[in-house]
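Each residue of the sequence shown is one higher than the one before, counting from 9 in my numbering.
All residues carry an ideal CB built from backbone N, CA and C; glycine is no exception.
These notes are about the structure you will find just below.
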Amino acid sequence: MQSALSKTRVFRFAPSPNGLLHLGHALSAILNHDLAAACGGRFLLRIEDIDPARSRPQFEEAIYRDLAWLGLGWEKPVRRQSEHLAFYGVALERLKSMGVLYPGFLSRGEVKAQVQAHEAAGGVWPRDPDGAPLYPTEERGLHREQALGWIVEGRQHAWRLDMDKARALLPAGLDWSEAGSGPEGETGTVVARPERWGDVILSRPDAPASYHLAVVLDDAEQGITDVVRGQDLFHATSVHRLLQSLLDLPAPTYRHHGLVPGPDGRKLSKSNQDTGIAAYREKGASPAGLRALLAGYGFILH
């Protein structure tokens, strides 16, 4: 018989401290908190500060302040990604030993030049679900000794996932359970299509673990059973399911929700301070008023 603890559902809100939280973050935090409370589950807060160039202590403090003002409580201690770099490194080495990673040396400028030349000649360059051009694949076959020599010489590089090799290691039928919906209404059992993202970065010198790698490792380590997040991350779930399968990690249930529109109708950005939680608070709004505002957009809050 399973213990009560093993049946407990675990939710998390995982912001990056690279700006102030906005209404979209408030929606995700409230949904995770309220869904956990409704089922007697746990609500965790994780600070995704894996990128030191963009993370700032003042933004982390602002996250705590904004969530407390919203009336949300979370378990302590808070997991901070910057404190677990060795943990991510172990997984990265495991993937290297599986032969599914390779060092990519092309700069953004070099990739851009290839794409422009290809398209100028009438070709169509493949792009990921976000519209960014896929990374060229010629380095997949780079001789190991040559690649290691360049690394020793100090050439900048990022460790990329060889998508073809990674997919070849897994059986057909990779999917996930979607309790919410995707941008096109996808729900239920969703077929994962990680190949649409090409050879994604899993590590680079200034960030030892990419978002894709860190998030699946953290979710597994913290026992997350339900991932509730915006639809802008719906397609990224395909990459996450691939990494979970490669690393023998459990797959949570995913629930993607709609996005709060900005003043121009587009996705909210941390750079738009008018929609920040702090801005509403400073204008005299109440937590209940903020919930009512989100409900007015059509979001169902518990």
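When the distance is taken between beta carbons, is residue j closer than 8 Å to residue i?
i	j	result
D183	A200	yes
G242	P202	Rather than Gly, the amino acid found at residue 242 in this sequence is Phe. The answer is no: Cβ separation not under 8 Å.
R168	V208	yes
I55	E68	yes
Y219	V268	no
L276	A174	no
T233	T261	yes
P141	R135	yes
G81	P216	no
A155	P85	no
T283	G270	yes
F19	V247	no
I38	L309	yes
L221	A94	no
E83	L43	no
Could you give the distance in angstroms between the alpha-carbon of residue i and the alpha-carbon of residue j?
i	j	result
L178	P295	46 Å
P60	Q124	31 Å
S189	L103	31 Å
G181	E147	28 Å
G79	K15	26 Å
S49	G130	In the sequence as displayed, the identity of residue 49 is Gly instead of Ser. So the two alpha carbons sit approximately 54 Å from each other.
G231	G297	33 Å
S24	S185	25 Å
S36	H151	45 Å
R88	G139	30 Å
D256	M106	13 Å
N26	E161	32 Å
E118	L301	45 Å
Under three-state DSSP, which class holds residue i?
i	result
D234	strand
K84	coil
Y110	strand
W133	coil
Y262	strand
T197	strand
L225	helix
F51	strand
D214	coil
R168	strand
S294	coil
P191	coil
I58	coil
I71	helix
Leaving aside the five residues before and after residue i along the sequence, list all residues of the same chain whose C-beta is less than 8 Å from its C-beta, in chain order.
i	result
Q164	F113, S115 and P213
L13	For L13, the pLDDT reaches just 48, beneath the cut-off of 50, and the residue's location in the model is therefore unreliable, although a value from the coordinates is still provided. Contacts found: none.
A187	T195, D234, T261, Y262 and R263
Over what stretch of residues does the alpha helix (DSSP H) that includes residue i continue unbroken?
i	result
A125	R116 to A128
E147	Note, E147: premise wrong, no alpha helix (DSSP H); not H, not E.
W158	R152 to V160
Q252	T245 to L254
H41	L31 to A46
A286	I285 to E290
Closer than 7 Å by C-beta to residue i: which residues in its own chain qualify, once you throw out the five before and the five after it? Chain order, please.
i	result
R289	W77
Q10	With a pLDDT of only 38 at Q10, under the threshold of 50, the placement of this residue in the model should not be trusted; the figure read from the coordinates follows. Nothing listed; no residue qualifies.
G292	none
G238	G32, S36, H264, H265 and L267
L47	Correcting the residue identity first, residue 47 is Cys in this sequence and not Leu. The residues are R17.
What are the boundary residues of the beta strand (DSSP E) that residue i is part of?
i	result
V18	V18 to F21
S185	D183 to E186
By Cβ distance, which residues of its chain are closer than 6 Å to residue i, with the 5 residues on each side in sequence left out?
i	result
I285	L29, A34 and D74
H126	W133
Q252	V224 and A259
A166	G112, I209 and R212
A22	R54 and E56
R299	L309
Should residue i be flagged as near chain D, meaning a C-beta pair shorter than 8 Å?
i	result
P269	Although the question refers to chain D, the structure presented lacks it and comprises just one protein chain.
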